[in-house]
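Worksheet: one structure, shown below.
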Amino acid sequence: MAKLLKHILLDILNNKIVIVYTIVLAAFSWSVFGLEDNTAKGILTLLNILLLIVPLVASLFATIYLYNSNEFIELLLSQPVKRSLIWKSLFAGLSGSLSIAFLLGVAIPVLLFAELSTALVMIASGLFLTVIFVSIAFLANVFTRDKAKGIGLAIMGWLYFALLFDAIVLFLFFQFADYPIEKVVVLLSALSPIDLCRINILLHLDVSAMMGYTGAIFRDYFGAGGGLILSSTLLLLWAFVPFYISLIRFKNKDL
Amino acid sequence: MNSSRVITGALFTFLLTSLICPARAHTIKVGPQQAISSITQALTMASNGDTVEVNGGTYKEGNIIISKSIALIGKSRPVLDGQFRFEILSVKANGVLVSGFQIQHCGQGTLDDPGAIKVYDASQVRIENNDLVDNFFGIYLQYSHHSVIKNNRISAKQTIENQSGNGIHCWKSDNLQITGNHISGHRDGIYFEFVTESVIWRNISENNLRYGLHFMFSGSDAYFSNLFRRNGAGVAVMFTNKVTMMNNTFTENWGDAAYGLLLKEISDCTMIGNRFLKNTTGIMLDGSNRVYMEKNLLKGNGWGMRLQANCVDDTIVRNNFIGNTFDVSTNGSLTLNKFDHNYWDKYEGYDLNKDQIGDVPYHPLSLYSVVAERNPPAMLLYRSFIISLLDKSEKMMPSLTPANFVDPHPLLKPLPL
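Structure representation (structure tokens):
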């Protein structure tokens, strides 16, 4: 596996897009903190990058890379290597390289400028989102052989989680405003990894406002102590369930 | 001749009076090593104007009643213990001084409200430099005038709101001075009911179950330079008028019904130079009229200010709103209050003529603060992309938020507060 992983990592580095991604992220975060004298505002800007750009790049890059390595995968399959090993190495290589890019680009300035607890939550969220959307890209890949369709699926997934989901939840809020829906809302938010990450960061960033009634409920569920374990578990599930489904399909797929 | 007679006369009267009234400052010493070992005994011996000096040690004498104008002074901090059964010191005479004691473990009871020091219908009482530990009520004043409560440390560990007492409780009193006390762990730190013309200055009130400071039906009072921190529900000024609040700090009051400062049904109040930091809601104004707010700092709060639609003629000028999740929110579409010359860190306008005043009026009410006001769980969607988009378009063309909720002259730079 190590040999395979090394090969994939080198290939991704050769691609140079990951390097550009690192530089862009770094430029963005440094300039955000450098321009704003108010760190809190800088973090808000970064939050938007984190919640929109990171998932988008992760899912797009992973999908396209997977489709482009179709021939490479077929070549590997002719060798005495287990199918699952190939798929796992690809996953590890892609999420690993994108995570390193994120760490180099965002983690350093955030650690330098933001409060430690907020910074750690942001970094963890970014890493989770990277892995989760790579995993979703893997799922999109096994569902269709057509490249355009696959990329389309990945973009749809991103659009759904980044924009549509919140709009639907907001709509439900207004429709069911007369009912006690707090717990349902908490449950709903678990259905979107971006929302889970956003709320976890919110609990640190807007701590005073989140001390209100709803925030208190959410803190009980996801915020402190056992809740933190629960929300991390959910995020882990988001990271590995789509990949696992794709792994099963990949094993039995007729290539 | 005539003048020397006057002098001898005066001398004679002086001698006479000093013979009739023996030395005024009589001091009675109490202590384990003294002839008198009980405070109660010393009090029966004392007469008006005497000093009772109590030496170190623990005194468990049940309820000690002071019915003469004396000074009760503790040397090397003697302990008065109520064994959780008695009211400890009952002051029933004018001009009493109580100083230098540790008074602990007073009895409980919601019927007669026992206090560590309770003052009944007595004026010019001074209570200074005492440590009050684990009492039901700390210092309780009723029908007291011109009294001073100064530099006491009052602490308790109460947990149940309806079975706990207040740190400093004042009822039907006037002209009080409450200065330099530190109060924690009671129900309300300082409680005023029907108290007028009084001053609260440089106290610290923290970790109390309900309010750090609570005004009910009390008018013409002022509080300056106090610190209210981590109280269950912050500070409340209710059903009151003409209260002056200056240079106080309200911080870390967290919870759904917790406010840095709650103003309810009040009028003609002045707030200058206060700091509201990291509260769930900095200031809540409900049914408050003619409140004047100037040079206050509202920083890092969830809601800087909640101005309910039933407030009329409030003036909010030259304040700093920095780093609040929502600067202002309201619950209706009617706005009869005036905002002017405030600094808002979320202001995005420009200043062409460089007079440090933004050329575009600022609408401080964000769409989402209105949504969250009507529908609190919606807070969970805050800072998501779709909400930011909605907020931006609402800023351009207000439809849900009242259009006249506006600061016509927002400042470009924060005031030096």
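As they're listed, the protein sequences go chains A and B.
Each residue of the first sequence is one higher than the one before, counting from 2 in our numbering.
Each residue of the second sequence is one higher than the one before, counting from -16 in our numbering.
For every residue, glycine included, the Cβ atom is placed at its ideal position computed from N, Cα and C.
Treat the numbers as computed from the prediction; the structure is a model and nothing was measured.
Residue burial is scored here from C-beta neighbours: G332 of chain B has fewer than 16 other C-beta atoms within 10 angstroms and is therefore classed as exposed.
Nearest CB-CB separation between F368 of chain B and chain A: below the 8 Å threshold. Selection B:N293, B:S250, B:N236, B:F322 evaluated against N284 of chain B yields B:N236 as nearest (Cα-Cα). Taken in chain order, the members of the segment 163 to 184 of chain A whose beta-carbon sits within less than 8 Å of a beta-carbon on chain B are A163, L164, D167, A168, V170, L171, F174, F175, A178, I182, E183. The beta carbon of V186 of chain A sits closer than 8 Å to some beta carbon of chain B. For K43 of chain B, same chain residues with a beta-carbon under 7 Å away, outside a window of 5 residues either side, are D64, Q66 in chain order. Cβ contact annotation for E189 of chain B (same chain, cutoff 6 Å, sequence separation greater than five): S167, R212, R213, in chain order. The DSSP-derived three-state label of N71 of chain A is helix. Our two residues, S250 of chain B and Y206 of chain B, have alpha carbons roughly 16 Å apart in a direct line. Per DSSP, reduced to three states, the secondary structure at W184 of chain B is strand. Around the beta-carbon of D255 of chain A, fewer than 16 other beta-carbon atoms lie within 10 Å, marking it exposed. Residue-level contact check: Y345 of chain B does not touch chain A, since none of the beta carbons of chain A fall below 8 Å from its beta carbon. Rounded to the nearest whole angstrom, the C-alpha separation of F304 of chain B and L91 of chain A is 50 Å.
Closest in C-alpha terms to G127 of chain A, from the list A:F177, A:D196, A:P181, A:A138, comes A:D196. The Cβ atoms of V111 of chain A and A120 of chain A lie closer than 8 Å to each other. At least one CB atom of chain B sits nearer than 8 Å to the CB of I200 of chain A.
For A219 of chain B, the enclosing beta strand (DSSP E) stretches over residues 217 to 224.
Check the Cα spacing between G57 of chain B and each of B:R301, B:V81, B:E176: the tightest is with B:V81.
Leaving aside the five residues that flank V295 of chain B on each side, the residues in its chain whose CB is nearer than 8 Å to its CB run, in chain order, N272, R273, L319, N320. Here DSSP, grouped into helix, strand and coil, assigns M228 of chain B to strand. N358 of chain B belongs to the set of residues whose beta carbon lies under 8 Å from a beta carbon in chain A. Neighbours of S190 of chain A in chain B, taken as residues whose beta carbon is under 7 Å from its own, are L363 in chain order. Proximity of T308 of chain B to chain A, defined by a Cβ-Cβ separation below 8 Å, is satisfied. Shown here for G195 of chain B: same chain residues with a beta carbon closer than 6 Å to its own, the five before and five after excluded, namely G172, S188, F211, N214, V218 in chain order.
Judged by DSSP secondary structure, L80 of chain B falls within the beta strand (DSSP E) whose first and last residues are 80 to 82. Boundaries of the alpha helix (DSSP H) around F92 of chain A: 84 to 103.
DSSP places R212 of chain B within a strand segment (E or B) once states are collapsed to three. The beta-carbon separation of I11 of chain B and I47 of chain B, rounded to 14 Å, does not stay under the 8 Å limit for a contact. Shown here, F120 of chain B sits in a strand according to DSSP, grouped into three states. Within a 10 Å sphere around the beta-carbon of N113 of chain B sit 16 or more other beta-carbons, which makes this residue buried. For L48 of chain A, the chain B residues whose C-beta falls within less than 8 Å of its own C-beta are R366, listed in chain order. With at least 16 other beta carbons inside 10 angstroms of its own, I266 of chain B counts as buried.
A Cβ-Cβ separation of about 5 Å places V389 of chain B in contact with P344 of chain B under the 8 Å criterion. With at least 16 other beta carbons inside 10 angstroms of its own, E36 of chain B counts as buried. Partner residues in the beta bridge of L319 of chain B, as assigned by DSSP, are B:V295. Unbroken beta strand (DSSP E) stretches of 3 residues or longer found wholly inside the segment 148 to 188 of chain A: none.
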